[in-house]
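What follows is a set of notes on a single structure, which appears directly below.
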Amino acid sequence: MTKKVVHESSSMHVTGKAQYIDDMLLPENALTGYVVTSQIAHGRLMGFNLDEAKNTPGVHAVLCYRDIPGTNQMGAIAHDETTLVEHTIQFIGQALFLIAAVDEETAKLAASKITTEIEELEPVVTIEQAMEKGLQLNPPVVMQRGDCESALAQSQQVIEATITSGAQEHWYLETQVAVAQPLELNDMKVYSSTQHPTETQALIAEALYIGRHQVEVETRRLGGAFGGKETQANMVAIWASLLAQATQRTVKIRLFRDDDQQMTGKRHPFLTKFKVGFTKEGKITAYRVSFNANAGYSTDLSMAILARARTHAENAYFIPDIYIESTAWRTNLPSNTAFRGFGGPQGIHAIEEAIERIAQFLGKDAAEIRYLNFYQKEINNTTPYGELIENNHLETIWNKITKTSDYTKRKSQVDAFNQTSQFVKRGISLTPVKFGISFNTPFLNQAGALVNIYTDGSVVVHHGGIEMGQGLYTKMAQVVSEELGVPFDKIRVVATSTQNIPNTSATAASSGTDLNGMAVKNATDQLKDRISKFLATYWTNESKHTINQEDILFENNDVLVANQPELQLSFTETVNLLYQNRINLSARGFYSTPNLYFDKATQQGRPFHYFVFGMAVSEVELDVLTGKHRILQTDILHDTGLSINENLDIGQIEGAFIQGLGWCTTEEIKWDNKGRMLNHSPDTYKIPGIRDIPEIFRVSLLDNAPNPNTIKQSKAVGEPPFIHAFSVFFAIKYAVAAVKNHKVYPELNIPATHEKIVMAIEKLKQE
Amino acid sequence: MQRNYIEFLLDESLHKISWDSNQKLKPTTTLLQYLRSLPNHKGTKEGCAEGDCGACTVVVATLNNQNQLSYKAVNSCLIFLPQIHGKQIITVENLSQGQRLHPVQLSMVSMDASQCGFCTPGFIMSLFALYKEPGTSTDKDIQYALAGNLCRCTGYQSILNAARVALKNKGRDKFSEKEAETIELLKQINREPALFSTEQQHYFQPTHCSDALELKQKYSNALLISGNSDIGLKVTKKNELLPLIIDLSEIQELNKIIALPQGVYIGSNTSLNQIKNELKESYPALHKILAVFGSKQIREVATLGGNISSASPIGDTLPVLMAYNAQVILRSVSGKRNLMLSDFITSYRKTQLRPDEIIEQVFIPKPEENRFYDVEKISKRTDLDISTVSAALQLKIENKQIKSIQLYFGGMASYTQTANHTQDFLKGKPWTIDTLTQAGAYLEKDFAPISDARAQAEGRMLFAKNLLLKFWQNHQKNQHHD
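Residue numbers (our numbering), protein chains in the order written: chain A, 18 to 784; chain B, 9 to 490.
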């Protein structure tokens, strides 16, 4: 397979020609949609007057919940989100009214003329407040193996701790946007920056009170998503559709950056309590963990996110007796949502903290404790939910990365450095990831495709996946190119549309290539079968000796039988021949991941098709006085199976790592006690910049690691490398602990901002 | 009659926008809004509309004093239309020639440096400006040039690699070929003073200081702007309609750095980037803070006068300028006066500037021999971030004793303030880490910082205390260097 293929849009990206939804040229009479939102976090909407707003010149519609023809509901899974507030206000930024006007200025003017009567109620902001009030979204879910309590009681040592991790804003560069265009027969075409067109379509249909067959959602590319457009894109698309239906004009809504940050959900903040039992060698004997997530005001994807936190609670370690409990808590914040890793990072955070504490307690290297507890190949290879870990690469990766990063030597150099340096400390850490691939909910693991061959030999590919920068369209074109032997430039992967591919799953859970790639291949398999079957008969007749279908190859834009030069046609000639013989040159592909099952009641099953493995080693240098740090070096060795496109995969790994770095260090969101977000713009919300990346940054792919039963034996890559950022987080903690010569374990949670670092150091000094 | 139009070069032809009666654009319409209203310039993106992401970066080519073109990457979201008068605007659509990509574009493609592509046009333009800068570009230059561009997908490594490849051999490009022609076109543009008026707004663009002073006397409530990196936010973020503006950016007299034996006079219009580059040797502490002030795009337009007059509680340049005993020179129609910068700022966002005055210059005396000047800034992120706490120091040590010390802190009070109790305590004490540790307690008498989005009060106080030790550490290093 040609692995050096650049992103199909790259030359459009660099010339500004790649079109995003906000770049579309709209009809002259198109309107700007605007959302009027709540400025209080909790209350009751007692009354309102929209008359003056409606009478503002240039305003074409002002809508409240009563103007919604269908259901006033936009919850993706649980039906607990109103499209427009009826009575109860649940967070700052919740939509109250919609305005369509000739331009944004007019819309804002109209908004200022709306009067409301609101009764303010006490908001619940933090997990602790929600716990105190017992505001569980759902009853806690428990996953367990063995008898954790008695194993803890019998453990030689036990450590317990409470840790937290913060919210993370997706900060996709392109804010939420949709254009809704009314069509004849009350139909609606919507261009939406969504990761999940099918769900967007369904919710629009429900809101407009029309059938799904009357709504088309089309998406060519997203300007970043990272989970933030899995459900959060729906609302903008629904609002634009409501306004378009009401005005019978094209309506665009694009959220202003600050509004986007305030209105949409984040990565769930977690409050986690754990108790870990271990031997004096550092072998974990028992682990009890309780995850508490701040879900925000509604369910959204919280239950699935907690499911992934539970199934990643043990990361790469075999723990014989384990008890994992998770609870989502309801607060007056925007509904927290999917974000790269989907609860996995929060789940893994706790067990890695446990490891670090064990190492500190025993005076051993944390990497050694990690190694001691890794899942093994023949024994100790079953997860707490009963899934057997096959093709485990942990040992191989460990052996390679400890060598290539020179880990042991550098570790002792770090320790030596710290002995003589007072104001500058260094830290180094090796962290692993084992990440389960498949949607935790088995039925979501399906995909469709449609491949059309035209008689000039060109090919159009439709599939249900969304291009959000990860290079999915590029990989799909590569699959088709290799299967049909057609050059890259004769293949177009076109905008994803619910009319062409129905009933799709979100492009999420790192599954885009796995699912859609197999669906595309299923389509090309059918086409190849038809072509080779026809040619076998055709050539048998022509050459008077038997040609087997299996011997027909698709290569270099030709269809041929090896070593028989007379049996060779160009791809174009071939498809013309089939066309003349009235054979279908279009095929629908479908794929559903085999052998997945999960019993929600027992929390046992086989939820994952396979696991991705990887490890990272990071070394940091910390300024003890300011909390500033530099990443001197990061080495990552990551398993992508047989990569379909190595450069795209390395890009995913680097990007995920830096995104994880942001979550662990600079990205901090605070709310005041009224539920108002303080960090609602890039002015105070800081994602990593170019000077924050490791000074030496080496990413390698594990070679010779074919993955059975996936597209081209590759592996998913989107989320797992996010976990590698823990290597930086724990290297920072190591440097912090060096201030007290590792005698005391530092209190430092996520995010470890400069402020939190100096405060942790101060606390250590006072111990 | 005053000029009521702007003229600028875009897509290789001169464009004219006149503020006559049927003009729908406001004089405070931003360059980004204007570009995105055109069918062929949708490549320039809005990521934040506050200069904090760089997605809207375009390059402005300006005729300099020697009638040569200088290319600067700027955030188009914070530029009002009148500010592009007489300039060439280059956007991402302008770089390629047919199918042939510009070297910076080509390397971004070949090094896989775009993923979702939304930030890419901004990176391309920042790289293009660096490509057009004379001389070689080091890794550090690349990082400075790209620190104002955020990317959420790539993790930057591929972009850094692409930049290295593209900038390794800077050659001629299509802009070099057209340079003479461009210069001629720009030279033709009328540079008279201007007034752009609509029913609701008046926007003056004087070209001489005397005209500006007369305008300021007449319209004392007019808002002064120059780089617009701060005032622009009133429009893009707060939706304010600015009724009366005097734009000083076209006044060349205010855009000069004059170095004399007694010190340096910096025109209030001078960009922070120019100051950073020119005063690196003579005022190293000023250079140090400017290197982490905003981003290169911001520093290209932001002026020293603007930063000082904002009198922000943080005001990144203020503590260090005060430590250098800087003075402001204020001018009005009736004359000029000098004030110590530390006296000029009186309280939260308040200064002694009278309604009829403008800041003409900032004077920084030559640093005294045997004195140590230093500055430290703490922020969440190194670049493109406002200080959480900043501090500056002027120190004289004699016989290992602190002979004199001045300490100024930003982010610790409602405006930049000196740490009086701490200074008093330290004076005459030995310059040791013990003394400075003890001095921390006095900072608690000097300051009662607040908690906000950037940090908690407790964290701020700890930072301030630690910065005393940091100064000690920096001084030690500095001594070793000497």
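Glycine included, C-beta positions come from ideal geometry on N, C-alpha and C.
Q: Starting from the beta carbon of Ser-698 (chain A), find every residue of chain B whose beta carbon is closer than 8 Å, and list them in chain order.
A: By one-based count along the first sequence, residue 698 (chain A) stands at place 681. Residues of chain B whose Cβ lies closer than 8 Å to the Cβ of Ser-698 (chain A) are, in chain order, Cys-56, Glu-58, Asp-60 and Lys-245.
Q. According to DSSP, is Lys-54 (chain B) helix, strand or coil?
A. Walking along the second sequence from the start, residue 54 (chain B) turns up at place 46. Here the sequence assigns Glu to residue 54 (chain B), which means Lys is not the residue at that position. DSSP places Glu-54 (chain B) in coil when its eight states are reduced to three.
**Q.** Cβ neighbours of Leu-323 (chain A) in the same chain (closer than 7 Å, five flanking residues each side left out)
**A.** Translated into the one-based positions of the first sequence, residue 323 (chain A) becomes position 306. Excluding positions up to five away in sequence, the list reads Val-158, Phe-308, Ala-310, Ser-343, Ala-345 and Gly-360.
Q: Report the option in B:Gly-235, B:His-110, B:Pro-363 and B:Ala-188 whose CA atom is closest to the CA atom of Val-173 (chain B).
A: Taking the first residue of the second sequence as 1, we reach residue 173 (chain B) at position 165. Ranking the options by Cα distance to Val-173 (chain B), first place goes to B:His-110.
Q) Can you tell me where the beta strand (DSSP E) with Leu-115 (chain A) in it begins and where it stops? A) For the purposes of this step, residue 115 (chain A) is identified with residue 98 of the first sequence, where counting begins at 1. Start and end: 112 to 118.
Q: Compare the beta carbon distance of Asn-169 (chain B) and Met-119 (chain B) with 8 Å and say whether it is the shorter of the two.
A: Residue 169 (chain B) sits at position 161 when you count from the first residue of the second sequence. Residue 119 (chain B) sits at position 111 when you count from the first residue of the second sequence. The Cβ atoms of Asn-169 (chain B) and Met-119 (chain B) lie closer than 8 Å to each other.
(Q) Can you confirm whether Gln-676 (chain A), when its beta carbon is compared against all beta carbons of chain B, has any partner nearer than 8 Å? (A) Locating residue 676 (chain A) in the first sequence gives position 659, counting from the first residue. The Cβ of Gln-676 (chain A) sits closer than 8 Å to at least one Cβ of chain B.
Q: Confirm, please, whether the CB-CB distance from Ile-135 (chain A) to Ile-106 (chain A) is below 8 Å.
A: Residue 106 (chain A) sits at position 89 when you count from the first residue of the first sequence. Residue 135 (chain A) sits at position 118 when you count from the first residue of the first sequence. A contact, by the Cβ cut-off of 8 Å.
**Q.** According to DSSP, residues forming a beta bridge with Arg-345 (chain B)
**A.** For the purposes of this step, residue 345 (chain B) is taken as residue 337 along the second sequence, with counting starting at 1. Within the DSSP bridge table, the entry for Arg-345 (chain B) names B:Leu-338 as partners.
Q) According to DSSP, is Gln-41 (chain B) helix, strand or coil? A) Here residue 41 (chain B) refers to the residue found at position 33 when the second sequence is read from its first residue. Correct three-state label for Gln-41 (chain B): helix.
Q: Kindly indicate if chain A contains any beta-carbon less than 8 Å away from that of Arg-160 (chain B).
A: One-based indexing of the second sequence puts residue 160 (chain B) at position 152. It does; some Cβ of chain A falls within 8 Å.
Q. Taking the C-alpha atoms as reference points, what is the distance between Ala-57 (chain B) and Glu-122 (chain A)?
A. Numbered from its first residue, the second sequence carries residue 57 (chain B) at position 49. Numbered from its first residue, the first sequence carries residue 122 (chain A) at position 105. For Ala-57 (chain B) and Glu-122 (chain A), the distance between alpha carbons rounds to 16 Å.
Q) Which whole-angstrom value describes the C-beta separation of Ala-257 (chain A) and Ala-195 (chain A), a residue pair presumed to lie in contact below a C-beta threshold of 8 Å? A) To locate residue 257 (chain A), count along the first sequence from 1; it is residue 240. To locate residue 195 (chain A), count along the first sequence from 1; it is residue 178. Right, their Cβ atoms sit about 4 Å apart.
Q) chain B partners of Gly-50 (chain A), CB-CB under 8 Å? A) Residue 50 (chain A) sits at position 33 when you count from the first residue of the first sequence. What Gly-50 (chain A) touches in chain B, judged by beta-carbon distance under 8 Å, is nothing: the nearest beta carbon there is about 17 Å away.
Q. Skipping 5 residues on each side, what residues in its chain have a beta carbon closer than 8 Å to that of Phe-588 (chain A)?
A. Residue mapping note: residue 588 (chain A) aligns to position 571 of the first sequence, counting from 1. Excluding positions up to five away in sequence, the list reads Gly-474, Leu-501, Gly-502, Val-503, Phe-571, Asn-574, Asp-575 and Val-576.
**Q.** Residue-level contact to chain B via CB, Met-485 (chain A), 8 Å cutoff
**A.** Here residue 485 (chain A) is taken as the residue at index 468 of the first sequence, counted from 1. The beta-carbon of Met-485 (chain A) is placed less than 8 Å from the nearest beta-carbon of chain B.
Q) Name the DSSP bridge partner or partners of Gln-16 (chain B)? A) Position 8 of the second sequence, counted from the first residue, corresponds to residue 16 (chain B). Residue 16 (chain B) is actually Phe in this sequence, not Gln. DSSP, once it has assigned bridges, lists B:His-23 as partnering Phe-16 (chain B).
Q.
For the alpha helix (DSSP H) containing Lys-773 (chain A), name the first residue and the last one.
A. Here residue 773 (chain A) is taken as the residue at index 756 of the first sequence, counted from 1. Here the alpha helix (DSSP H) through Lys-773 (chain A) covers 771 to 783.
Q. Using the beta-carbon count (16 or more within 10 Å), is His-96 (chain A) buried or exposed?
A. Residue numbering aside, residue 96 (chain A) sits at position 79 when the first sequence is read from its first letter. Exposed, since its Cβ has fewer than 16 Cβ neighbours within 10 Å.
Q | Cross-chain neighbours of Ala-128 (chain A) in chain B, by beta carbon under 7 Å | A | What you label residue 128 (chain A) is simply residue 111 of the first sequence in a count that begins at 1. One finds nothing in chain B with a Cβ atom closer than 7 Å to the Cβ of Ala-128 (chain A); even the nearest lies about 11 Å away.
Q) Do you know offhand how far Gln-270 (chain B)'s Cα is from Val-756 (chain A)'s? A) As a first step, residue 270 (chain B) is located in the second sequence; it is residue number 262 there, counting from the start. As a first step, residue 756 (chain A) is located in the first sequence; it is residue number 739 there, counting from the start. The straight-line gap from Cα to Cα measures roughly 46 Å.
Q. Closer than 8 Å, Cβ to any Cβ of chain A: which residues of the region 88 to 104 of chain B, in chain order?
A. Listed in sequence order: Thr-99, Val-100, Glu-101, Leu-103 and Ser-104.
Q. Using the beta-carbon of each residue, which ones in chain B are nearer than 7 Å to Val-31 (chain A)?
A. Reading the first sequence from its first residue, position 14 is the one you call residue 31 (chain A). By Cβ distance, chain B contributes Leu-109, Gln-113, Met-116, Val-117, Ser-122, Thr-128 and Ile-132.
Q: Would you mind listing the alpha helix (DSSP H) stretches within the region 115 to 163 of chain B that are 4+ residues and don't spill past its ends, in chain order?
A: Listed in chain order, the complete alpha helix (DSSP H) runs (minimum 4 residues) inside the region 115 to 163 of chain B are 128 to 140 and 147 to 154.
Q. Going by alpha carbons, who is nearest to Leu-392 (chain B) out of B:Glu-141, B:Leu-249, B:Ser-29 and B:Arg-307?
A. Locating residue 392 (chain B) in the second sequence gives position 384, where the first residue counts as 1. Among B:Glu-141, B:Leu-249, B:Ser-29 and B:Arg-307, the Cα nearest to that of Leu-392 (chain B) belongs to B:Arg-307.
Q. At a Cβ threshold of 8 Å, is Gln-402 (chain B) touching chain A?
A. In the second sequence, the residue the question calls residue 402 (chain B) occupies position 394. With 8 Å as the cut-off, Gln-402 (chain B) does not count as an interface residue toward chain A.
Q) Hey, out of A:Tyr-596, A:Gly-313, A:Ser-182 and A:Cys-165, whose CA is closest to Val-175 (chain A)'s CA? A) The residue labelled residue 175 (chain A) in the question sits at position 158 within the first sequence. Considering only alpha carbons, the answer is A:Cys-165.
(Q) Suppose you measure from the CA of Phe-460 (chain A) to the CA of Thr-610 (chain A); what does that come to, to the nearest Å? (A) Locating residue 460 (chain A) in the first sequence gives position 443, where the first residue counts as 1. Locating residue 610 (chain A) in the first sequence gives position 593, where the first residue counts as 1. Our two residues, Phe-460 (chain A) and Thr-610 (chain A), have alpha carbons roughly 9 Å apart in a direct line.
**Q.** Closer than 8 Å at the beta carbon, the chain B residues around Phe-452 (chain A)
**A.** As a first step, residue 452 (chain A) is located in the first sequence; it is residue number 435 there, counting from the start. Residues of chain B passing the Cβ test: none, with the nearest at roughly 18 Å.
Q | Own chain partners of Ile-239 (chain B) with C-beta closer than 7 Å, once the 5 adjacent residues on each side are dropped | A | Residue mapping note: residue 239 (chain B) aligns to position 231 of the second sequence, counting from 1. Counting only Cβ-Cβ distances below 7 Å, and skipping sequence neighbours, we find Leu-231 and Ile-233.
Q: May I ask you to list the residues that DSSP assigns as paired with Thr-289 (chain A)?
A: Here the question's residue 289 (chain A) lines up with position 272 in the first sequence. BP columns for Thr-289 (chain A) point to A:Ile-180 and A:Phe-308.
**Q.** Distance CB(Met-469 (chain B))-CB(Leu-451 (chain B)) smaller than 8 Å
**A.** Locating residue 469 (chain B) in the second sequence gives position 461, counting from the first residue. Locating residue 451 (chain B) in the second sequence gives position 443, counting from the first residue. At a Cβ-Cβ threshold of 8 Å, Met-469 (chain B) and Leu-451 (chain B) count as neighbours.
Q.
Rounded to whole angstroms, what is the Cα-Cα separation between Leu-350 (chain A) and Thr-248 (chain A)?
A. Taking the first sequence and counting its residues from 1, the one referred to as residue 350 (chain A) is at position 333. Taking the first sequence and counting its residues from 1, the one referred to as residue 248 (chain A) is at position 231. Between Leu-350 (chain A) and Thr-248 (chain A), the C-alpha separation is close to 16 Å.
Q | Close Cβ partners of Met-776 (chain A) (< 8 Å) along its chain, the five nearest in sequence each way excluded | A | As a first step, residue 776 (chain A) is located in the first sequence; it is residue number 759 there, counting from the start. Nothing meets the Cβ criterion.
**Q.** Through-space distance from Pro-519 (chain A) to Gly-481 (chain A), alpha-carbon basis
**A.** For the purposes of this step, residue 481 (chain A) is taken as residue 464 along the first sequence, with counting starting at 1. For the purposes of this step, residue 519 (chain A) is taken as residue 502 along the first sequence, with counting starting at 1. Put simply, the backbone Cα of Gly-481 (chain A) is about 8 Å away from that of Pro-519 (chain A).
Q.
Counting only beta-carbon separations shorter than 8 Å, does Asn-189 (chain A) have a partner in chain B?
A. Locating residue 189 (chain A) in the first sequence gives position 172, counting from the first residue. Inspection of the sequence shows that residue 189 (chain A) is occupied by Tyr rather than by Asn. So, interface residue.
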